[in-house]
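Reminder that position 252 of the sequence shown reads as 252 in my numbering, one-by-one numbering, no gaps. All residues carry an ideal CB built from backbone N, CA and C; glycine is no exception. Given the structure is predicted, the values throughout are model-derived calculations rather than measurements.
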Amino acid sequence: MLNIGLCDYSYHTKQFYSFHQTGLSDYLFRLQTEGSCEVIVNDKNIVIEKGDLLLIKPGDHYELRVEEGQNSGDYYLFCKGIWIDEWWNRSAKPTVSRIDLDEKLLTLWRHIIIEERRPPSEENNELIGYLLRALCLSLERTVNETSSTFSRPYAVTIMMRFIEEHALIAFKIEEVAQHAGLSVSRAVHLFKSSVGKTMIEYAQEIRLSAAIDQMKYTIMTLDQIAENCGFGGYPYFHKVFKKKYGVSPGNFRRKE
Numbered sequence: 001m002l003n004i005g006l007c008d009y010s011y012h013t014k015q016f017y018s019f020h021q022t023g024l025s026d027y028l029f030r031l032q033t034e035g036s037c038e039v040i041v042n043d044k045n046i047v048i049e050k051g052d053l054l055l056i057k058p059g060d061h062y063e064l065r066v067e068e069g070q071n072s073g074d075y076y077l078f079c080k081g082i083w084i085d086e087w088w089n090r091s092a093k094p095t096v097s098r099i100d101l102d103e104k105l106l107t108l109w110r111h112i113i114i115e116e117r118r119p120p121s122e123e124n125n126e127l128i129g130y131l132l133r134a135l136c137l138s139l140e141r142t143v144n145e146t147s148s149t150f151s152r153p154y155a156v157t158i159m160m161r162f163i164e165e166h167a168l169i170a171f172k173i174e175e176v177a178q179h180a181g182l183s184v185s186r187a188v189h190l191f192k193s194s195v196g197k198t199m200i201e202y203a204q205e206i207r208l209s210a211a212i213d214q215m216k217y218t219i220m221t222l223d224q225i226a227e228n229c230g231f232g233g234y235p236y237f238h239k240v241f242k243k244k245y246g247v248s249p250g251n252f253r254r255k256e
């Protein structure tokens, strides 16, 4: 059973103070999206700025301070439950992590807020539970990927996510490099040395996977699939597919 105590967005333009003197009874997730503030967690003062994610467990002492002249905007969520306990305990959760304000993550958070605002007669606890699980897993992955101990540089992860999002449409290497804040030469070298393949090869894997799914589950022509999956046309799709799998797309489809 999962329980959300409170999930919302807050924005402070005036002095504000909140504290939990006896310790939190729920887990608290708090993502700073605008401005800055100061928090105290277990007697440790921490300046929180845009992009900082707070993860705090039950029993921790927590105070929030927004001083006069400060602006502070954040998404926050109080929750508890057996699944949350298991998720929390399976890996280390740093109190503060600097993450990207990814729109997909914020959309997921907003979805939970909207569902929580529905009247009791319209609530769907199963849907809210899955949304909360998705948020927890997304936060965990983001925190891990931004950690200095992660297996690859975070700039490479940024490039991978960009390619994954844009693989089925035309994109340029320059766009990938710019998205990661790198020069083209640095981006190309860093990506190949970390991933073991070029950006185009990585994109082609995604395109081929999408093409196979469309060959299996749609009645689109191979020409349509080639266009739909970012190959630009069937001749190039045929060439890349046969090189990878040893058969033409048509023969592959007939065998399925």
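- Judged by beta-carbon spacing, C229 lies beyond the 8 Å limit of A203, meaning their Cβ atoms are not closer than that value.
- In this structure, V41 keeps its C-beta atom at 8 Å or more from the C-beta atom of I48.
- For F29, the enclosing beta strand (DSSP E) starts and ends at Y27 to V41.
- Taking the CA atoms as reference points, C136 sits about 40 Å from T221.
- Boundaries of the beta strand (DSSP E) harbouring K44: K44 to E49, taken from the DSSP string.
- The C-beta distance from I112 to I99 rounds to 17 Å, too long to fall under 8 Å, and the pair is not in contact.
- With the rule of 3 Cβ pairs closer than 8 Å, the segment 83-95 counts as touching the segment 140-149.
- Using a Cβ distance threshold of 8 Å, L2 and I56 do not count as a contacting pair.
- Distance check between L28 and each of L53, T22, C37 and S36 places L53 closest, using alpha-carbon atoms only.
- By the criterion of a C-beta distance shorter than 8 Å, S248 is surrounded in its chain by H238, F241 and K242, once the five residues flanking it on both sides are discounted.
- Under the 10 Å beta carbon count, F231 is surrounded by 16 or more other beta carbons and is classified as buried.
- Annotation: G35 to G73 spans about 6 Å, alpha carbon to alpha carbon.
- By the neighbour-count definition (other C-beta atoms within 10 Å, threshold 16), L6 is an exposed residue.
- If you keep only unbroken beta strand (DSSP E) runs of at least 3 residues inside the segment 74-142, you get 96-98.
- When the Cα atoms are used, H179 and Q32 turn out to be separated by approximately 22 Å.
- For I56, the enclosing beta strand (DSSP E) starts and ends at D52 to I56.
- Just measuring C-alpha positions, the residue of Y9, K216 and Y154 sitting nearest N251 is K216.
- An exposed status is given to R90, since fewer than 16 other beta-carbon atoms sit within 10 Å of its beta-carbon.
- In this structure, the CA atom of G181 is about 46 Å from the CA atom of P120.
- Following the DSSP letters along the chain, one finds I4 inside the beta strand (DSSP E) bounded by residues L2 to H12.
- Following the DSSP letters along the chain, one finds R65 in no alpha helix (DSSP H) but inside the beta strand (DSSP E) bounded by residues Y62 to V66.
- A check of alpha carbon separations from L139 across E116, A170, M160 and Y75 identifies Y75 as the nearest.
- As for any alpha helix (DSSP H) of minimum length 4 sitting wholly inside the segment 145-204, the runs are 154-166, 173-180 and 184-195, ordered along the chain.
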